Ligand code: FES
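Numbering (the working numbering), first residue to last: 3 to 147.
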């Protein structure tokens, strides 16, 4: 017959130690799961990203940046700035701004979008998503709509 340990100090220590280890392991599993379920918590719902060098762009030129991890094209127009998702709604390739034609072009399957992101031709099932642009003095900020 095996004798059980009756030392209350050792048993108490092991119970607390196992409890702490379980809590830490649970946190390692739960925190990434919660971050996945609430992605807005990562960057904030109204995250504004400054467009570096925006005021140096001439009308018809563009700049690309990331807003909440998504590629966004900012285009300087004659009247200000506009921003659209740089991700093609067809299969997710990065679109390019063709300043001379004033169109967005997807190099993967030749979808073409006008300067407002609307589909002109090609297989895209929808337009490019617009982003909000805010000008504050010499700075330009882009955020999700
Ligand atoms: S991914 Fe852009 S047209 Fe197919």
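Virtual Cβ for every residue (Gly too), placed ideally from N, Cα, C. Bear in mind the structure is a predicted one, so any value in this text is a computation, not a measurement.
Buried or exposed: where does residue 16 fall if 16 or more other Cβ atoms within 10 Å of its Cβ makes it buried? With fewer than 16 other Cβ atoms within 10 Å, it is exposed.
Which same chain residues end up closer than 7 Å to residue 119 when comparing Cβ atoms and leaving out the 5 residues on each side of it in sequence? 86, 106, 129, 130 and 132
Nearest-angstrom Cα distance between residue 55 and residue 144? 13 Å
Measure the C-alpha to C-alpha separation of residue 101 and residue 127 and round it to an integer number of angstroms. In a straight line, the C-alpha of residue 101 is about 23 Å away from that of residue 127.
With which residues is residue 78 paired in a DSSP beta bridge? 83
Using only CA atoms, which one of 48, 104, 93 and 92 lies nearest to residue 75? 104
In the DSSP assignment, the beta strand (DSSP E) including residue 60 goes from what residue to what residue? From DSSP, residue 60 is part of no beta strand (DSSP E); its letter is neither H nor E.
Of the listed residues 70, 80 and 112, nearest to residue 90 (C-alpha basis): 112
Specify, as a first and last residue, the run of the beta strand (DSSP E) that residue 137 falls within. Residue 137 -> beta strand (DSSP E) spans 132-138.
In three-state terms, what does DSSP make of residue 147? Residue 147 falls in the coil class under three-state DSSP.
Between residue 96 and the ligand FES, is the CB less than 6 Å from at least one heavy atom? no
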